[in-house]
Structures are given as C-alpha cells and as structure tokens.
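One structure below.
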Amino acid sequence: MSRKIFLTLALLMFVLAACQPAEPVEFSASPPPSTEVPAEPVEATEPAETLPPTEAPTAESYPSPTEAPTAESYPSPTEAPTVEPYPGPDAAETVGYCGGSSDVISFPLEIVDDMGNTITLEQYPQAIVSLSPSTTEILFAIGAGDQVAGRDDMSLYPEEALAVESIGSLWGELPTEAILTLEPDLVVAAQIISPENVQALQDLGLNVYWQSNPADFDGLYNNLCDFAVLTGHVDQTEALITDLQTRVDAVLTTVSAAESSPSVFYELDASQDPSNPWTTGSGTFIDYIITLAGGTNAAGALEGDFAQFSIEALITANPDVILLGDALYGVTPESVAERPGWDAIAAVQNEAIYPIDPNIMSVPGPRLVDGLEETARLLHPDLFE
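With our numbering applied, the sequence shown corresponds to residues 3 to 387, in that order.
In structure tokens:
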C-alpha cells in the first residue's frame, strides 16, 4: 500500500514539474538587429517607396514647384526647381526651364498654342513663316534663324532677319498668296495677328502656332520655351534664359538700393494732339518694366496698352521723368519742353526727358530685358555709374 502511495506521489511531482516554465521570457521593445532603429536620426538615402529617377513623381510624393520639398515628402537627390518647368514632352524626366534637352522630344509632336489649337509636327519645321516682329526676334535669338523662310515687313531685327524674304505688310488684306508661295511647314504669329486671320490661314491647310503676349518675364521665358520645343533648340534657349534671368536679377539687386521711386510718364505718341498724349496704363509690360526698374507709372490709374492723358492730368501727376517712346518719329526733349503748359512739370523743369527705343519696351521678345536695363539706368543714374 505504501509502495503504491509513493509511486503515485512521484508521478504527480513529475507532472507538476513538466508544467512549469524553465525561465521567464524578457520581452524587449527593440526590434531585431536586422530592423534596428538607430539612436540618432539619419538622412534617408532612398524614399520609402522608391521612384525610378526617370519616372515623374506623383502629387502625393512630390510637392508643387513653388513648395519646398521636405524630407518626409520626397527625399529627392536633386534640388527642387525654383520655377515651374515648361510642360513639354517628357518634361518630368528632365530639368531646366524648358524641360531639358531636345533629345527627349519625339515625333509626331503635338503642342497646344495660346489660342487652344493643337499643332502636330512630324519633324522640326524647316520652312517657318513668321508674321510678327516678336516671333521673328525669338526665332533668331534661340538659334532657329536658319529655319525661317519668310517674315512680315515689320520684322527688322535682328539684322540677319533682313536677308529673309518678306511676305509684305500685314496691314489690310492678309498676303496669303505670298505665304503659300514659300510652302511653309509652320506659320508662327503673335497677338497682333487676329483670330480671324489665324483661321483663314488654317483654312488654307497651314499649320499655325499663335502666341500671346507675355505679362511678365516668366511669361517671356515660357514663350521662348514654346519656340524651343517647336524648333528643336532647347539647349540654346536654356542658355539664353539663364543669361536673361541673370541680367534681370542684377537690375533688381541694384535698384533695391534706391532711396526713391521716381514717377514716370511714358509717351507713346503725341503727334496728333500734344495736349492729350497717348501713354500706357497699368497691367501692361511697359508699366511692369517701369515698376521693376524702381519707378512708378504716372498713368498707373489708367488701364490698357493705349490711353490718352490730358495735359491737366499730367500736370497734376507731375512726373519726375518723361520717357519718349516716340523719339524714333522725331520727338525730342527740346520739342517736348516747348509744348504749352509742359513747363509746369517737374521732369521738364529738371531736364529729365529721355528718348528710348520703343522696340525694347514694346516688342515682346528677349530685348525686353534691354528695356529694363535702360529704364533702370535712366531712373537711377547714380546707381549705375
């Protein structure tokens, strides 16, 4: 009996021992070595969801060009562009104001002009007819002058353009026969060409690219890029834009030291009635240049590219400087000073009347930067000595 009790007790002790854990387990909050988090944060070398360098980032992974990217949003190996790149073919895969190099452009090429018309090109055009001084100037400035087969008779710059055949004047009836004779593979036109004339050319089976006037220098750079993509001169255009931006920045830096902002009257034309000269109001490129050059448009209360300013209003505005955009037509500082009533104006009294080339102020091409530089020098001569 006692032997059975002993065996029973021994068996019970063995079972109880088998049910006890050998050692208590310690749970650590640290991950295993392969996923260990360093004590100090380190810079990520790869995004959490890696995007190939040639793949356009999504809106979720990469902020808009005007928003600085953060480490959390997209640790891109390259710096975000300071300006929005031109949305041309494969622009997301390249860098630069115009979207990179002409090498990324493929054909057939489709591009939408500023009138909303889609232009399709099977190759870069080799016989371009330019219907505007600004488009002619741009084509030559970006290195596409050899592709220009015709121009209007107002396209007189650069000098090389004079060797290109003229289709005649665009005032009055459109010279369609002269245009067709040149067999253009592309016709380019600026805002001075009406939508009706654009439609008339399209009805003849012509490829027409219409470009609106820029409102500021960024708009000018975009216009340059449009033509760069159309003609295959992206690299040359990128270099041109970089130079123009550098020059604009230099002017802005210089005039930032100015102690005053002189009032400026810009005269477009006073040939018909000197007591009611034509000027330009707010929202125009001339107004924009005057402002960037460190001045104030005396006719800023007016609107539009062409507005009349009476002598009474001019005397009240009392501008410090008068710029003669009509100097090419024989108007001189002396003739202005002799106009009845103008001797009451500060600019006349202080002999601050200056002729200026209207082409560098009004033709929406690269020479607008020349206009900014010249205007700044005239308004703040002491800063540019």
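Even glycine gets a Cβ: it sits at the ideal position worked out from N, Cα and C.
Quick check: does the Cβ of residue 275 come within less than 7 Å of any heavy atom belonging to the ligand SAH?
The ligand SAH is not among the ligands present in this structure, which contains no ligands whatsoever.
Buried or exposed: which applies to residue 354, given that a residue is buried once 16 or more other Cβ atoms fall within 10 Å of its Cβ?
Burial state of residue 354 is buried, judged by a 10 Å Cβ sphere holding 16 or more other Cβ atoms.
Quick one: measure Cβ to Cβ for residue 280 and residue 310, integer angstroms, because I've assumed they're closer than 8 Å.
Rounded to whole angstroms, the Cβ separation of residue 280 and residue 310 is 6 Å, and the two are in contact under 8 Å.
From the DSSP output, which residues share a beta bridge with residue 310?
280
Pull up the distance between the alpha-carbon of residue 342 and that of residue 256, whole angstroms please.
37 Å
Please report the distance separating the alpha-carbon of residue 178 from that of residue 152.
12 Å
Please classify residue 173 as buried or exposed, where buried requires at least 16 other C-beta atoms within 10 Å of its C-beta.
Answer is exposed; the Cβ neighbour count stays below 16.
Using a Cβ-Cβ cutoff of less than 6 Å, which residues in the same chain neighbour residue 145 once the five nearest sequence positions on both sides are dropped?
235 and 238
Three-state secondary structure (DSSP) at residue 208?
In the three-state reduction of the DSSP assignment, residue 208 falls in the coil class, being assigned neither a helical nor a strand state.
Tell me the rounded alpha-carbon separation between residue 379 and residue 201.
43 Å
Which residue marks the beginning of the alpha helix (DSSP H) containing residue 249, and which one marks its end?
Residue 249: member of the alpha helix (DSSP H) spanning 236-257, first to last residue.
What residue from 118, 295, 204 and 286 has the CA that sits closest to residue 263's CA?
295
Who are residue 152's beta bridge partners in DSSP?
As DSSP reads the structure, residue 152 sits in a beta bridge with 131.
With DSSP as the reference, label residue 358 as helix, strand or coil.
The DSSP-derived three-state label of residue 358 is coil.
Between residue 368 and residue 330, is the Cβ-Cβ spacing less than 8 Å?
no
Please list, in chain order, all residues of the same chain as residue 348 whose beta carbon is under 6 Å from its beta carbon, the five residues on each side excluded.
320 and 322
Could you pull out every residue in the same chain whose Cβ sits closer than 7 Å to the Cβ of residue 130, ignoring the five residues on either side in sequence?
Within the same chain, residue 130 has close Cβ partners 141, 149, 150, 151, 186, 188 and 190.
Quick check on residue 178: does DSSP put it in helix, strand or coil?
helix
Using C-beta distances below 6 Å, list every residue in its chain close to residue 373, excluding the 5 sequence neighbours before and after it, in chain order.
291, 362 and 363
With 16 as the cutoff for other CB atoms within 10 Å, does residue 384 come out buried or exposed?
exposed
Would the region 102-121 and the region 155-168 be scored as touching if the rule is three or more Cβ pairs under 8 Å?
Touching, no, given that fewer than three Cβ pairs across the two stretches are closer than 8 Å.
Straight-line CA distance for residue 222 to residue 230?
12 Å
Under DSSP, the beta strand (DSSP E) around residue 303 begins and ends at which residues?
First-last for residue 303: undefined, no H or E at that position.
Look at the Cβ atom of residue 327, then the Cβ atom of residue 269, and state whether they are nearer than 8 Å.
yes
Less than 8 Å separating the beta-carbons of residue 284 and residue 302?
yes
Report the three-state DSSP secondary structure of residue 386 (helix, strand or coil).
Taken through DSSP and simplified to helix, strand or coil, residue 386 comes out as helix.
What first and last residue would you give for the beta strand (DSSP E) that runs through residue 378?
Note, residue 378: premise wrong, no beta strand (DSSP E); alpha helix (DSSP H) at 370-381.
Considering only the alpha carbon of each residue, which of 357, 147, 171 and 371 lies closest to residue 133?
The shortest C-alpha separation from residue 133 is found at 171.
Give the range of the beta strand (DSSP E) segment to which residue 232 is assigned.
Residue 232 -> not in any beta strand (DSSP E); alpha helix (DSSP H) instead, spanning 219-233.
Which residues bound the alpha helix (DSSP H) around residue 290?
287-294
Taking residue 317 as the reference, give the member of 192, 277, 336 and 293 with the closest Cα.
277
Applying the 10 Å Cβ sphere with the 16-neighbour rule, what's the burial state of residue 350?
buried
My understanding is that residue 163 touches residue 138, with C-beta atoms under 8 Å, so please give their C-beta distance in whole angstroms.
Between the beta-carbon of residue 163 and that of residue 138 there is about 5 Å, and that keeps the pair under the 8 Å contact cut.
Measuring only the C-alpha atoms, how far is residue 168 from residue 114?
27 Å
Within the continuous alpha helix (DSSP H) that includes residue 336, where are the two ends?
335-339
What does the Cβ neighbour count give for residue 196, buried or exposed, with the cut at 16 atoms within 10 Å?
exposed
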